[in-house]
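Asker: Below is one structure. I have some questions about it.
Residue numbers (UniProt numbering): 1 to 201.
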């Protein structure tokens, strides 16, 4: 018997199932069964599947949101870090984040009604896929105010371009070992950051 706390087992099971069969096909009943608990026990920890999905994103995937929040509040004041280094870190985490979230969320697009319900629930919870773009935009605006990027730069467009490229990497390439993208994630992140910064410097 797994000695981990019930909540940890639930999040672990949800992560594994969502990666394996997608968010649309993963049910709370299946998650509870995989976690070795009742569905009633699952609902003591999570109000719905969307809340559980957010726990998986925040606790089991690369920490894109927390990185953006930290950079927005501290990055501009760190004299040892360049904008390019920060953007490279963001692109690296974003590429890994979307690599894992894409297989989970892709199944929702085949179920329009389910996708609408999912989007509505996330909106009510004050979150959604727009939050990383808003976070990166806020960080870039702080860099702009500090004079480290051009005052003419469109920070929202720049944030959309960087994160869009990272999401596209997850969409365009099979992440299996036999079919790797043309660049390792480290090289991809560095080149995306450098190219973007050339445009907004």
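Using N, Cα and C, we set each Cβ at its ideal position, and we do this for glycine too.
Are the segment 48-67 and the segment 92-102 touching by the rule of at least three beta carbon pairs closer than 8 Å?
Answerer: yes
Asker: Out of 121, 72, 198 and 58, point me to the one whose CA is closest to residue 90's CA.
Answerer: Taking the first residue of the chain shown as 1, we reach residue 90 at position 90. Ranking 121, 72, 198 and 58 by Cα distance to residue 90 puts 72 first.
Asker: Helix, strand or coil, according to DSSP, for residue 112 in the structure here?
Answerer: Locating residue 112 in the chain shown gives position 112, counting from the first residue. Helix.
Asker: Using three-state DSSP, classify residue 37 as helix, strand or coil.
Answerer: Counting from one through the chain shown, the residue named residue 37 turns up at place 37. Residue state, collapsed to three classes: coil.
Asker: For residue 162 versus residue 87, is the C-beta spacing smaller than 8 Å?
Answerer: Taking the first residue of the chain shown as 1, we reach residue 162 at position 162. Taking the first residue of the chain shown as 1, we reach residue 87 at position 87. For residue 162 and residue 87, yes; Cβs fall inside 8 Å.
Asker: Please give me, in chain order, every unbroken run of the alpha helix (DSSP H) with length at least 4 that falls completely inside the segment 116-162.
Answerer: 131-145
Asker: Measuring alpha carbon to alpha carbon, tell me which residue in 115, 195 and 201 is nearest residue 153.
Answerer: Taking the chain shown and counting its residues from 1, one reaches residue 153 at position 153. Nearest of 115, 195 and 201 to residue 153, Cα basis: 201.
Asker: Take the Cβ of residue 49 as the centre, count every other Cβ of all protein chains shown within 10 Å, and call the residue buried at 16 or more, exposed below.
Answerer: Mapped onto the chain shown, residue 49 falls at position 49. So residue 49 counts as buried.
Asker: Inspect the beta-carbon positions of residue 92 and residue 108 and report whether they are closer than 8 Å.
Answerer: Working through the chain shown from its first residue, we reach residue 92 at position 92. Working through the chain shown from its first residue, we reach residue 108 at position 108. No; because the gap between Cβ atoms is not below 8 Å, this pair is not in contact.
Asker: With 16 as the cutoff for other CB atoms within 10 Å, does residue 27 come out buried or exposed?
Answerer: Looking up residue 27 in the chain shown gives position 27. Per the 10 Å Cβ criterion, exposed.
Asker: Only counting runs of 4 or more residues, tell me where the alpha helix (DSSP H) segments fall wholly within the UniProt domain "HTH tetR-type" (4-64), in order along the chain.
Answerer: 6-21, 28-35, 39-45 and 49-60
Asker: Roughly how many angstroms lie between the CA atoms of residue 104 and residue 23, to the nearest whole one?
Answerer: Sequence index remark: in the chain shown, residue 104 carries index 104 (1-based). Sequence index remark: in the chain shown, residue 23 carries index 23 (1-based). Taking the straight line from one Cα to the other gives about 5 Å.
Asker: Since residue 169 contacts residue 95 with CB under 8 Å, what's their CB separation in whole angstroms?
Answerer: If you number the chain shown from 1, residue 169 lands on position 169. If you number the chain shown from 1, residue 95 lands on position 95. The Cβ separation is near 5 Å, so the contact holds.
Asker: So, under 8 Å CB-CB, residue 52 and residue 14 are touching, yes? Tell me the CB distance rounded to an integer number of Å.
Answerer: Here residue 52 refers to the residue found at position 52 of the chain shown. Here residue 14 refers to the residue found at position 14 of the chain shown. The pair is a contact, with the Cβ atoms about 5 Å apart (cut-off 8 Å).
Asker: Within its chain, find whatever has a CB closer than 8 Å to the CB of residue 55; leave out the 5 residues flanking it on each side and keep chain order.
Answerer: Taking the chain shown and counting its residues from 1, one reaches residue 55 at position 55. The answer, listed in chain order, is 11, 14 and 46.
Asker: So residue 194 and residue 16 are in contact, right, with Cβ under 8 Å, and what is the actual spacing, rounded?
Answerer: In the chain shown, the residue the question calls residue 194 occupies position 194. In the chain shown, the residue the question calls residue 16 occupies position 16. At roughly 36 Å, the Cβ-Cβ gap does not stay under 8 Å, so residue 194 and residue 16 are not in contact.
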